[in-house]
Amino acid sequence: GAPLPRAQNLTWTSFNFKTVLTWNAVSGHTHTVEFSRVETDRRRTLHCIRIAHPECDLTDDLIDLNAAYTADVLTEVMTFDPMDLPFTQSNRFCPYEDTVLGAPPFRVELNENDTIVLHITDQQTALYRDGRHLTLRDVFKHDLQYSINYYKAGSTGTKKIVVPDSEVVMRDLERGPSYCFRVSVYVASRSRRRKLSKWTLPKCSPVVTFDLFA
Numbered sequence: 314g315a316p317l318p319r320a321q322n323l324t325w326t327s328f329n330f331k332t333v334l335t336w337n338a339v340s341g342h343t344h345t346v347e348f349s350r351v352e353t354d355r356r357r358t359l360h361c362i363r364i365a366h367p368e369c370d371l372t373d374d375l376i377d378l379n380a381a382y383t384a385d386v387l388t389e390v391m392t393f394d395p396m397d398l399p400f401t402q403s404n405r406f407c408p409y410e411d412t413v414l415g416a417p418p419f420r421v422e423l424n425e426n427d428t429i430v431l432h433i434t435d436q437q438t439a440l441y442r443d444g445r446h447l448t449l450r451d452v453f454k455h456d457l458q459y460s461i462n463y464y465k466a467g468s469t470g471t472k473k474i475v476v477p478d479s480e481v482v483m484r485d486l487e488r489g490p491s492y493c494f495r496v497s498v499y500v501a502s503r504s505r506r507r508k509l510s511k512w513t514l515p516k517c518s519p520v521v522t523f524d525l526f527a
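Taking our numbering, the leading residue of the sequence shown gets 314, the next gets one more, and so forth.
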């Protein structure tokens with residue numbers, strides 16, 4: 314008989330550590346996903362055996378976030394010896410390095426001295442450990458920083474700082490004018506093209522007017 318067709322276009326999609334493998338299915342066949350850390354034995358995950366839909370959520374299976382993994386998608390047919398099933402292998406994927414990081418929610422406020430303060434929210438990931446969802450800070454620990462681009466409203470000159478904390482007091486800015494800020498998660502230990510998350514849209518501080526006669 315004709316050889317069994319192989320799955321095509323295996324793609325890892327990962328956002329804040331929710332990691333899904335997709336492929337172009339072969340009509341009339343089911344597929345089984347096997348995965349492994351590079352150089353170790355392949356394993357199956359129970360919810361991705363003989364499935365008809367072309368995706369497999371491996372979020373909870375890639376336990377070691379720093380490891381590199383590959384996955385095989387096997388084309389199944391009932392009568393074959395499993396050793397002979399045709400398969401397609403994915404590219405390598407490392408959750409720590411390769412997951413896409415979302416733009417961090419943040420807000421801009423003025424404190425009692427009319428100094429601008431940024432409050433950046435630590436994002437929840439899809440990783441579930443010990444009864445709770447981990448945040449990006451739980452995963453990256455001290456490697457997690459924030460890159461902030463800012464400019465005085467109406468001007469073109471942009472400045473950039475990198476800060477370790479999620480509450481940022483902008484002491485060096487002129488009091489009064491509005492300033493606008495964009496924020497990105499910054500993880501220095503990741504590869505060059507993966508250090509930054511997506512950038513937020515800009516948010517601006519209110520203008521402060523001073524009462525000269527107060």
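Think of the CB as a built atom: it goes at the ideal place given N, C-alpha and C, for glycine as much as any other residue.
Taking a cut-off of 8 Å on C-beta distances, the segment 416-425 touches the segment 433-448, as three or more cross pairs fall below it. Its chain contains 435, 436, 437 and 438 as the residues whose beta carbon lies nearer than 7 Å to that of residue 448, once the 5 sequence neighbours on both sides are disregarded; these appear in chain order. In the structure shown, residue 330 adopts coil according to DSSP, grouped into three states.
Taking the CA atoms as reference points, residue 471 sits about 10 Å from residue 495. DSSP lists 337 as the beta-bridge partner residues of residue 321.
If you ignore the 5 residues before and after residue 466, its C-beta comes within less than 7 Å of the C-beta of 490, 491, 492, 493 and 517, all in its own chain and listed in chain order. Non-local beta-carbon contacts of residue 318 in its own chain, meaning distances under 7 Å to residues more than five positions away in sequence, involve 339 and 388 in chain order. Around residue 358, the same chain offers 374 as residues with beta carbons nearer than 6 Å, after the five sequence neighbours per side are excluded.
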